[in-house]
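Scroll down for the structure; my scribbles are underneath it.
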Amino acid sequence: MLKNKSSLYRSYRPDTFSEVAGHKNVITILQNEVKNNAFPHALLFTGQKGTGKTSLARIFAKAINCEKPVEGNPCNDCLNCQLSNQGQTANIFEIDAASNNGVDEIRNIKENVSILPLGGRYKVYIIDEVHMLSKGAFNALLKTLEEPPKHALFILATTEFAKLPATIISRCQAFNLQKIDQTSLINRLNFVAENEGFVLEGKAAQEIYFLSEGSLRDALNYLEQLMIISDHELTLENLQKLFYLAPLSEKLQLIQDLLNNRFQTVIEYFETVEARGLDFNQFTLSLMIILKEIIEYKITNDSRFLTYLEANELLGWPSDIDGYFAIADCLAEAYKKSQGSGLNFNYLLISLLKLNSVKPQLTATETIKIAPSKLSQKVVNEAEYVTPTLTMIRNEKLATASSISMTTNKTITNAMALNTLVAPDGQARKEITKLLDQCFAINQNDQLIDPSKAREMIAWCDGKIIAVSDCEILIRFEKIWATNYLQHCLQDDVYIAKLSEFFGKNYKVYPIDETQFTLLKKDFAFKNKAKTLPIHHHDFEEVKTFKSDDLDNNEIGFETLVKQTLGEDCEIEG
Ligand SMILES: [Zn+2]
Numbered sequence: 028m029l030k031n032k033s034s035l036y037r038s039y040r041p042d043t044f045s046e047v048a049g050h051k052n053v054i055t056i057l058q059n060e061v062k063n064n065a066f067p068h069a070l071l072f073t074g075q076k077g078t079g080k081t082s083l084a085r086i087f088a089k090a091i092n093c094e095k096p097v098e099g100n101p102c103n104d105c106l107n108c109q110l111s112n113q114g115q116t117a118n119i120f121e122i123d124a125a126s127n128n129g130v131d132e133i134r135n136i137k138e139n140v141s142i143l144p145l146g147g148r149y150k151v152y153i154i155d156e157v158h159m160l161s162k163g164a165f166n167a168l169l170k171t172l173e174e175p176p177k178h179a180l181f182i183l184a185t186t187e188f189a190k191l192p193a194t195i196i197s198r199c200q201a202f203n204l205q206k207i208d209q210t211s212l213i214n215r216l217n218f219v220a221e222n223e224g225f226v227l228e229g230k231a232a233q234e235i236y237f238l239s240e241g242s243l244r245d246a247l248n249y250l251e252q253l254m255i256i257s258d259h260e261l262t263l264e265n266l267q268k269l270f271y272l273a274p275l276s277e278k279l280q281l282i283q284d285l286l287n288n289r290f291q292t293v294i295e296y297f298e299t300v301e302a303r304g305l306d307f308n309q310f311t312l313s314l315m316i317i318l319k320e321i322i323e324y325k326i327t328n329d330s331r332f333l334t335y336l337e338a339n340e341l342l343g344w345p346s347d348i349d350g351y352f353a354i355a356d357c358l359a360e361a362y363k364k365s366q367g368s369g370l371n372f373n374y375l376l377i378s379l380l381k382l383n384s385v386k387p388q389l390t391a392t393e394t395i396k397i398a399p400s401k402l403s404q405k406v407v408n409e410a411e412y413v414t415p416t417l418t419m420i421r422n423e424k425l426a427t428a429s430s431i432s433m434t435t436n437k438t439i440t441n442a443m444a445l446n447t448l449v450a451p452d453g454q455a456r457k458e459i460t461k462l463l464d465q466c467f468a469i470n471q472n473d474q475l476i477d478p479s480k481a482r483e484m485i486a487w488c489d490g491k492i493i494a495v496s497d498c499e500i501l502i503r504f505e506k507i508w509a510t511n512y513l514q515h516c517l518q519d520d521v522y523i524a525k526l527s528e529f530f531g532k533n534y535k536v537y538p539i540d541e542t543q544f545t546l547l548k549k550d551f552a553f554k555n556k557a558k559t560l561p562i563h564h565h566d567f568e569e570v571k572t573f574k575s576d577d578l579d580n581n582e583i584g585f586e587t588l589v590k591q592t593l594g595e596d597c598e599i600e601g
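Each residue of the sequence shown is one higher than the last, beginning at 28 in the numbering used here.
Structure follows, in structure tokens:
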């Protein structure tokens, strides 16, 4: 049983930077700032809940007031440190913007900020969930941030970076705290378990990491509940009983049954899950994470993508990823539509059974919009301390692509593609190809020369420009997911605006995949032979879906034909 009365998350709040789980790069920067006594008047920590934003803020506040800091860490021994640890200091103020709109608090700060600190060197204002401040409070805060007294420091923390006014962000040194990595989180879990007199089974630790999705707060809550029902050993078996979790082996079996069309088995399995009281959301989301890992691994063959699974568990699994994507789409649909409906497992089963009758489609009717990352360049990303290689950029694209639903409501039609193909501007194609090549250019060490540009244009990586007309770019990708990914980005107006800046012109962009490209080649050849190729239209609009019914199956040397007709203006080689 548990020794501690208060929650684990509270009793194991770190007192020094060294005890914080994860965020090594951010911590190094903060420690150096303490050591050199050089830091801006406002810091901003962004990141999901439970990643340690408030802990870092408190430790930093303590460290800069500490009388004898050790390597940038607070000593926890001097009077200031002790007062801070007991919550008795008169120099550190914590404001929770979530509990009220903050107007009074900010006004209070404005009135008192100029008064010198007592005992310590700095007055530190920690404003948690700062995005919840009202407009009035933000304006008042901005005034204070513009001309803060030398002895004042503001530490802002938020889970919702996008909701902050740009004027506030631009006055802060911003740190983007990523999810806590598996090793750091599991190390911390083991430390806490051991300290409480328990032994944490490796597989149980891994499952807790998986459940908590990188949030230490959630992870410690799971650990705590597991401790309550355990004597000494914290086992995966107990964890699964406690939280009604389906074992990994069952989930893998389900995916295999679906891939192999064993729908009878799937139906029988679903008859048991509800009776066992499994949690629907957890079940669906964990299946999604498993699929994401499989897809990433199958495309890259890189076992670094496997955190939850092991490579030998996936031996002999199909390497064609379309089947996995189809299952993921069903899961996403069922998850979204089941929220609040109570249909849950029944809906999921029905959704999955559709795989029986419908082959994976090139396009679907539903759109889930996720704007490309708008995080400002100013944010200090932990990953940015390594100069990225092209492989890293590719993997990043893949990871982003596979974590969002790849369906889109706008289909590139054959007619659109033809419209570009019949009015090719060879010079423009060369220039655009060159622009893109420059984006992803690498130096001798295989590092990107312009990583930020490459990230911005990540969706174009590995695409091949087929043709450029006066108003359109036709680009092809080998993989459907890459095609869908660019198409997905193109739904966002901000992204479109960035593109026209990049290309110096407004282009409509038509991404197509290999299948569409093959159909296009046939269509072009057929129409060229029949002399029915369309005339190029400026501002071409077309709403029909991509069709191949009317195509001649007769392959008549498309490459030769295009070369004869259009010369070197198109790129049609495989
Ligand atoms: Zn101290």
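Think of the CB as a built atom: it goes at the ideal place given N, C-alpha and C, for glycine as much as any other residue.
If you look at A167, you'll find it in the alpha helix (DSSP H) that goes 162-173. In the three-state DSSP reduction, T447 falls in the helix class (H, G or I). Of the residues assessed, E234 falls on the buried side of the cut-off, its CB having 16 or more other CB atoms within 10 angstroms. Distance from the CA of A442 to the CA of I492, rounded to the nearest whole angstrom, comes to 17 Å. Where I493 is concerned, the enclosing beta strand (DSSP E) starts and stops at 491-495.
The three-state secondary structure of V536, taken from DSSP, is strand.
Ranked by how close their Cα comes to the Cα of S346, the residues L376, T327, A361 have T327 in first place.
I153 is the residue among C597, I153, L272, K177 whose C-alpha sits nearest the C-alpha of E132.
Boundaries of the alpha helix (DSSP H) around L57: 51-62.
DSSP places V140 outside both helix and strand once states are collapsed to three, so it counts as coil. Per the C-alpha coordinates, the member of Q109, L145, L110, L160 positioned closest to R134 is L160. Taken from the Cβ of P101, at least one heavy atom of ligand 1 lies inside 7 Å.
According to DSSP, residue pairing for T73 in a beta bridge involves T185, N203. With contacts defined by Cβ atoms closer than 8 Å, C466 and K480 form a contacting pair. Between ligand 1 and the CB of N118, the shortest heavy atom gap is not smaller than 7 Å.
Rounded to whole angstroms, the separation of the alpha carbons of V449 and I562 is 7 Å. For K268, the uninterrupted alpha helix (DSSP H) run begins and ends at 263-270, by DSSP.
The C-beta distance from A164 to V140 rounds to 15 Å, too long to fall under 8 Å, and the pair is not in contact. Note on the stretch 300-331: whole alpha helix (DSSP H) runs with a minimum of 4 residues are 307-327, in chain order. When C-beta atoms of the stretch 179-196 are compared with those of the stretch 219-231, fewer than three pairs fall below 8 Å, so the two segments do not count as touching. At a cut-off of 7 Å, the beta-carbon of E94 counts as near ligand 1: some heavy atom of the ligand is closer than that.
By the neighbour-count criterion, in which a residue is buried when 16 or more other Cβ atoms sit within 10 angstroms of its Cβ, P96 is buried.
Here Q471 is not bridged, per DSSP, to any residue. For the pair T545 and N203, the Cα-to-Cα distance works out to about 43 Å. Contact between N446 and F307 does not hold, since the beta-carbon distance rounds to 46 Å and is not under 8 Å. Here DSSP, grouped into helix, strand and coil, assigns E223 to coil.
Looking at the DSSP output, V157 bridges to nothing.
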